[in-house]
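One structure is given here, and the rest of the page talks about it.
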Amino acid sequence: MLRSVAALVVDGVAPFEFGVVCEVFGIDRTDDGVPPFDFRVCAERPGEPVRTSVGIQLTPDRPLADLVSADLVAVPACTVRVDYPPAVLDALREAVARGATVLSVCSGGFVLGAAGLLDERACTVHWRYADEFRRRFAKARVDADVLYVDDGNLVTSAGTAAGIDACLHIVRRELGSRVAALIARRMVVAPQREGGQRQFVEMPVPECTADSLQPVLLWMLETLTEEHSVAELASRAAMSERTFARRFVAETGTTPHRWLTTQRVLHARSLLEQSSYGVEEISRMAGFGTPALLRHHFQRVIGVTPTDYRRSFSA
Numbered sequence: 019m020l021r022s023v024a025a026l027v028v029d030g031v032a033p034f035e036f037g038v039v040c041e042v043f044g045i046d047r048t049d050d051g052v053p054p055f056d057f058r059v060c061a062e063r064p065g066e067p068v069r070t071s072v073g074i075q076l077t078p079d080r081p082l083a084d085l086v087s088a089d090l091v092a093v094p095a096c097t098v099r100v101d102y103p104p105a106v107l108d109a110l111r112e113a114v115a116r117g118a119t120v121l122s123v124c125s126g127g128f129v130l131g132a133a134g135l136l137d138e139r140a141c142t143v144h145w146r147y148a149d150e151f152r153r154r155f156a157k158a159r160v161d162a163d164v165l166y167v168d169d170g171n172l173v174t175s176a177g178t179a180a181g182i183d184a185c186l187h188i189v190r191r192e193l194g195s196r197v198a199a200l201i202a203r204r205m206v207v208a209p210q211r212e213g214g215q216r217q218f219v220e221m222p223v224p225e226c227t228a229d230s231l232q233p234v235l236l237w238m239l240e241t242l243t244e245e246h247s248v249a250e251l252a253s254r255a256a257m258s259e260r261t262f263a264r265r266f267v268a269e270t271g272t273t274p275h276r277w278l279t280t281q282r283v284l285h286a287r288s289l290l291e292q293s294s295y296g297v298e299e300i301s302r303m304a305g306f307g308t309p310a311l312l313r314h315h316f317q318r319v320i321g322v323t324p325t326d327y328r329r330s331f332s333a
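Next up, the structure:
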């Protein structure tokens, strides 16, 4: 059970990413039915102001010893540098040794790497830092194309919004989908953009501009059970097939077929969590037609079978 969460603050910490951790774990939402967290803001020298990346200061009030004893240690983004305080790195290593889960948001992964916690581990980081990250931590298995990676007691995330996804994922993993949904609702964000342990989203629903393919994407979401050819979609977008295919990849990062398949999987995942429909009925409602086809695509995208996913995450 996740009870205690420590946020690490080092020189150059990014306030927004620090705020993401505070928003998910640091606010008392017991009135909404969310279990309380023992939330700690820890630093090498508690009581002394720490500079942030935007010209303001934070004053943490808890020592690194309180970080070592936490169930979850969160490392928000901070200024990337060559060296980090040895006492901070020692505390992170000690926390992991005693069984803590560690979470990094964006460039916070550099701190984990400097502590030697990423060797031979699957992880991610913001795409902007990916090349430098690979050079500095050659033993880490970096995938810069995903929002976050869950590797058991190590959860690493990419940019700001991906930090929200990773935090909510940990809540889902440790406390269940209901608690994650309660927190997400208060934050006015989607409760999930990915699945359970060791799963990640490659193609979240894109945020499109007014003159983009958004109307077509929304129509595809509204008609998941129907088959859609590129010719039909191009006609709806008033484009040639070639132009449409090129624009679609530019806006979503994938092909129309794979994007639609992923959205069907995400819809099936929601039904598995929130409904009592059987797998066969969910297969039809999500547009797959048969349980076998649902299982094939669900396991490819989410990493587990629909039955196993429901057993872990059903509300």
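For reference, each letter of the sequence shown is one residue, going 19 to 333 in my numbering. In this text, a Cβ means the ideal position worked out from N, Cα and C, and glycines have one as well. Just so we're clear, the structure is a prediction, and the values are computed from it rather than from any experiment.
{"query": "Hey, which unbroken runs of the beta strand (DSSP E) at 3 residues or more fall wholly within the region 147-192?", "result": "166-168 and 172-175"}
{"query": "Do you know how far the Cα of residue 152 is from the Cα of residue 168?", "result": "18 Å"}
{"query": "Give me the residue from 26, 42, 112 and 27 with the minimum Cα distance to residue 205.", "result": "42"}
{"query": "Please determine, among 101, 191, 27 and 134, the residue with the shortest C-alpha to C-alpha distance to residue 156.", "result": "134"}
{"query": "Is it the case that the Cβ atoms of residue 173 and residue 35 are separated by a distance below 8 Å?", "result": "no"}
{"query": "Given a threshold of 16 other Cβ atoms within 10 Å of its Cβ, counted over all protein chains shown, does residue 184 qualify as buried or as exposed?", "result": "buried"}
{"query": "Identify, in the order they occur along the chain, each residue of the same chain with its Cβ nearer than 6 Å to the Cβ of residue 110, setting aside the five sequence neighbours on each side.", "result": "133"}
{"query": "Express the C-alpha separation of residue 149 and residue 62 in angstroms, rounding to a whole number.", "result": "29 Å"}
{"query": "For a quick check, are the C-beta atoms of residue 143 and residue 176 less than 8 Å apart?", "result": "yes"}
{"query": "As a quick exercise: from 154, 95, 129 and 302, pick the residue whose alpha carbon is nearest that of residue 105.", "result": "129"}
{"query": "For residue 325, which residues of its own chain have a beta-carbon under 8 Å away from its beta-carbon, when the five flanking residues on both sides are left out?", "result": "297"}
{"query": "Do residue 39 and residue 103 have their C-beta atoms closer together than 8 Å?", "result": "no"}
{"query": "Name the two residues that bound the continuous alpha helix (DSSP H) containing residue 108.", "result": "104-115"}
{"query": "Among 71, 197, 116 and 86, which one has its Cα closest to the Cα of residue 8?", "result": "Because the chain in this structure spans residues 19 to 333, residue 8 falls outside the shown range and cannot be described."}
{"query": "Decide if residue 331 is buried, meaning its Cβ has at least 16 other Cβ atoms within 10 Å, or exposed.", "result": "buried"}
{"query": "Under the three-state reduction of DSSP, which class applies to residue 306: helix, strand or coil?", "result": "coil"}
{"query": "So, under 8 Å CB-CB, residue 200 and residue 89 are touching, yes? Tell me the CB distance rounded to an integer number of Å.", "result": "Contact flag wrong, Cβ pair sits at about 19 Å."}
{"query": "Suppose you measure from the CA of residue 9 to the CA of residue 171; what does that come to, to the nearest Å?", "result": "Missing from the structure shown is residue 9; the chain here goes from 19 to 333 and no further."}
{"query": "I'd like the list of long-range same chain contacts for residue 317, defined as Cβ closer than 6 Å, with 5 residues on each side in sequence excluded.", "result": "323"}
{"query": "Can you tell me which of the three DSSP states residue 231 falls into?", "result": "coil"}
{"query": "Among the residues of its own chain, which have a CB less than 7 Å from the CB of residue 75, if the five just before and after it don't count?", "result": "67, 68 and 69"}
{"query": "Could you say if the region 236-250 and the region 267-286 meet the contact criterion of at least three C-beta pairs nearer than 8 Å?", "result": "yes"}
{"query": "Leaving out the 5 sequence neighbours to the left and right, which residues in its chain are closer than 7 Å to residue 193 when beta-carbon positions are compared?", "result": "20 and 53"}
{"query": "Assign residue 258 to buried or exposed, taking buried as 16 or more other Cβ atoms, counted over all protein chains shown, within 10 Å of its Cβ.", "result": "exposed"}
{"query": "Kindly indicate the opening and closing residues of the alpha helix (DSSP H) around residue 40.", "result": "33-43"}
{"query": "Looking only at DSSP bridge pairs, what is residue 130 linked to?", "result": "Partner(s): none; residue 130 has no beta bridge."}
{"query": "Start and end of the beta strand (DSSP E) containing residue 14?", "result": "Since the first and last residues shown for the chain are 19 and 333, residue 14 lies out of range."}
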